[in-house]
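Chains A and B, in that order, give the protein sequences. Each residue of the first sequence is one higher than the last, beginning at 1 in UniProt numbering. Each residue of the second sequence is one higher than the last, beginning at 1 in UniProt numbering. All C-beta atoms, glycine included, are put in the ideal place defined by N, C-alpha and C. Since the structure is predicted, the reported quantities are computational estimates derived from the model, not experimental observations. Right, one structure below, let's go through it.
Number of protein chains: 2
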Amino acid sequence: MTVKIIIVDDHQLFIDGIKSILAKEIDIEVIAEANNGLEVLQLLANEMQPNIIITDIRMPIMDGISLTRNLVKDYPNIKILALSMYDQTSDVIEMLDVGAKGYVTKNVEKKELVSAIHTLIKGDYFFSKNLSQDIKEWFNKEQINNSTTLTKREKEILNLLVNGRTSLQMAKQLKLSKYTIDTHRKNIHKKLGIKTNAGLVKFALQNL
Amino acid sequence: MTVKIIIVDDHQLFIDGIKSILAKEIDIEVIAEANNGLEVLQLLANEMQPNIIITDIRMPIMDGISLTRNLVKDYPNIKILALSMYDQTSDVIEMLDVGAKGYVTKNVEKKELVSAIHTLIKGDYFFSKNLSQDIKEWFNKEQINNSTTLTKREKEILNLLVNGRTSLQMAKQLKLSKYTIDTHRKNIHKKLGIKTNAGLVKFALQNL
DNA sequence: ATCCATATACCTAATTGTAGGTATTCACTT
DNA sequence: AAGTGAATACCTACAATTAGGTATATGGAT
Numbered sequence: 001m002t003v004k005i006i007i008v009d010d011h012q013l014f015i016d017g018i019k020s021i022l023a024k025e026i027d028i029e030v031i032a033e034a035n036n037g038l039e040v041l042q043l044l045a046n047e048m049q050p051n052i053i054i055t056d057i058r059m060p061i062m063d064g065i066s067l068t069r070n071l072v073k074d075y076p077n078i079k080i081l082a083l084s085m086y087d088q089t090s091d092v093i094e095m096l097d098v099g100a101k102g103y104v105t106k107n108v109e110k111k112e113l114v115s116a117i118h119t120l121i122k123g124d125y126f127f128s129k130n131l132s133q134d135i136k137e138w139f140n141k142e143q144i145n146n147s148t149t150l151t152k153r154e155k156e157i158l159n160l161l162v163n164g165r166t167s168l169q170m171a172k173q174l175k176l177s178k179y180t181i182d183t184h185r186k187n188i189h190k191k192l193g194i195k196t197n198a199g200l201v202k203f204a205l206q207n208l
Numbered sequence: 001m002t003v004k005i006i007i008v009d010d011h012q013l014f015i016d017g018i019k020s021i022l023a024k025e026i027d028i029e030v031i032a033e034a035n036n037g038l039e040v041l042q043l044l045a046n047e048m049q050p051n052i053i054i055t056d057i058r059m060p061i062m063d064g065i066s067l068t069r070n071l072v073k074d075y076p077n078i079k080i081l082a083l084s085m086y087d088q089t090s091d092v093i094e095m096l097d098v099g100a101k102g103y104v105t106k107n108v109e110k111k112e113l114v115s116a117i118h119t120l121i122k123g124d125y126f127f128s129k130n131l132s133q134d135i136k137e138w139f140n141k142e143q144i145n146n147s148t149t150l151t152k153r154e155k156e157i158l159n160l161l162v163n164g165r166t167s168l169q170m171a172k173q174l175k176l177s178k179y180t181i182d183t184h185r186k187n188i189h190k191k192l193g194i195k196t197n198a199g200l201v202k203f204a205l206q207n208l
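Printed below as a string of structure tokens:
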């Protein structure tokens, strides 16, 4: 089956770039292009049925974020791949928050773009390998919110951690071995996909 | 000058205890006692002018927190010394938040109580030495909010810390020596009176 | 011109945290 | 009765943080 794509960008240069990258892929077809979000909604209203929309974030008239919000509401089957400049980390995160499924930078290579498209079609997320720390964190949080429940003990220890206790202090307070505290702490790390105490404190304060 | 004191507690036992402790102090006079906050307000309405009110936190009719709120509003010159059981940490913090100037536990020794009274008269804060971690933190925060300004670099590094970077990662990102990052981090620790990264993250998220 | 805060860099030592394991006990579910 | 999740405890090795210094350069304020 051929993957049908609409490309959205207010700079024709990028549209042409993406099109040329995808031109030789036999299982990928660019069925339309648009210069802003509103044009996409018009295309969709006219019975156009893409599988993927590759869209810039900042655009006149309707930006990528508004577009994505509209799409996930009315066309949940269409996957959105955000295309951004390097320096738009917070924009990218907003895109992901409203429902985009992947992100590539505008200097993306052919191989990576094709890979991104196929990944999204399979239902997975795709992110450029050289993405920023903040986007990695977003992804971690996303994974967590669907699947994580801390046990009573783990919550207790996380709480003590937030209140500044070291492993040794917790061990004394709870009359447990330091080893046990560390085991719990490591389990929390694993469950939340967070590697440091500082990160756990941030997570706890923002999500619990 | 004699320090005039009102003692407030719903258990007569404690009132008597405090009175007996203070009986032999020539410069301290217990001018009245009350069993709840409302009684105190009535005493004050009747021209009674204490320098210090020593008050329990949990009491019927009007508790210590409501009382303190009223006192700091209408009688800002009267210092409030919270008297609590061991296990009321969060209550104590609430008392301090609304304006109490000191805290002693109900098993306070004579020397400590007298010292607390004189400390408050001088305008300083007084806390039992064996107070909980949480109250220490409260006190730190109080000190900080009046006096601390982080430099631009320090703010930058604190921000990176909140976002999960290790010293080494920051060093690379900012093209500085790891030693320099650590120096800044230590300076932040000193300025904020916080000893751990986890604590800094908590502080940053709650105060900045 | 000197003082001072800021930013930089280095060093050592001790403590704490991180990551990879294994293992036992207990309560609860299938 | 067997299996599972939760809680406990231990071990090693390595990384990172914490605490205590010292030191230099620079730009702005008195």
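Item, Value
"Could you give the residue range of the beta strand (DSSP E) that holds V40 of chain A?", "First-last for V40 of chain A: G37 to A45, but that is the alpha helix (DSSP H), not the beta strand (DSSP E)."
"Between the beta-carbon of residue 209 of chain A and the beta-carbon of V92 of chain A, is there less than 8 angstroms?", "Absent from the structure is residue 209 of chain A, since the part of chain A shown begins at 1 and ends at 208."
"Does DSSP put V3 of chain A in a helix, in a strand, or in coil?", "strand"
"For the UniProt domain \"Response regulatory\" (4 to 121) of chain A, which segments carrying the beta strand (DSSP E) assignment without a break, of at least 3 residues, lie completely within its bounds, in sequence order?", "28 to 34, 52 to 56, 79 to 84 and 102 to 105"
"Going straight from the alpha carbon of I52 of chain B to that of V40 of chain B, what length do you get?", "12 angstroms"
"Can you tell me which of A:S115, A:N163, A:M59 and A:I54 puts its alpha carbon nearest to the alpha carbon of N197 of chain A?", "A:N163"
"Going along the chain, which residues of the segment 149 to 182 of chain A sit with their C-beta nearer than 9 angstroms to a C-beta in chain B?", "L161, V162, N163, G164, R165, T166 and Q169"
"How about N101 of chain B and L120 of chain B: are their beta carbons less than 8 angstroms apart?", "Just to set this straight, residue 101 of chain B is Lys in the shown sequence, not Asn. Yes, they are a contact pair."
"Does the beta carbon of K202 of chain A sit closer than 8 angstroms to a beta carbon anywhere in chain B?", "yes"
"Cα separation between R153 of chain A and H184 of chain A?", "8 angstroms"
"Whose Cβ in chain B lies nearer than 8 angstroms to the Cβ of A45 of chain A?", "Correct list: empty, because the minimum Cβ distance to chain B is about 41 angstroms."
"Indicate whether I28 of chain A and V3 of chain A have their beta-carbon atoms separated by less than 8 angstroms.", "yes"
"CA-CA distance, K186 of chain B and Y179 of chain B?", "10 angstroms"
"Is it right to say I26 of chain A is buried, meaning 16 or more other beta carbons lie within 10 angstroms of its own, or is it exposed?", "exposed"
"Compare the Cα-Cα distances from I65 of chain A to each of A:K191, A:I188, A:L38 and A:G123 and report the closest residue.", "A:L38"
"Just reading off the alpha helix (DSSP H) that S167 of chain A is part of, what are its end residues?", "S167 to L174"
"Hey, does T196 of chain A have any beta-carbon neighbour from chain B nearer than 8 angstroms?", "yes"
"Could you give the C-beta distance for I6 of chain A and L43 of chain A, rounded to a whole number, given that I count them as a contact under 8 angstroms?", "6 angstroms"
"Considering only C-alpha positions, which residue in the set B:R69, B:N207, B:V104 and B:Y75 is nearest to P50 of chain B?", "B:Y75"
"Just to confirm, is the Cβ distance from S84 of chain A to K106 of chain A under 8 angstroms?", "yes"
"Among the candidates B:T89, B:N35, B:V108 and B:Q173, whose CA atom is the shortest distance from the CA of L67 of chain B?", "B:N35"
"F126 of chain A bridges to which residues according to DSSP?", "A:G102"
"What residues in its chain sit with their C-beta under 6 angstroms from that of L62 of chain A, if we drop five residues either side in the sequence?", "The question names Leu, yet the displayed sequence has Met at residue 62 of chain A. Cβ within range, chain order: N36, G37 and L38."
"Helix, strand or coil for G164 of chain A per DSSP?", "coil"
"Cβ atoms of L200 of chain A and W138 of chain A: under 8 angstroms apart, would you say?", "no"
"So, is D124 of chain B buried or exposed, given that buried needs 16 or more other C-beta atoms within 10 angstroms?", "exposed"
"Could you check which residue in A:K191, A:T55 and A:M170 has the C-alpha nearest to that of K19 of chain A?", "A:T55"
"Following the continuous alpha helix (DSSP H) through T180 of chain A, name the residue where it begins and the one where it ends.", "K178 to L192"
"If you run the structure through DSSP and keep just helix, strand and coil, what is K152 of chain B?", "helix"
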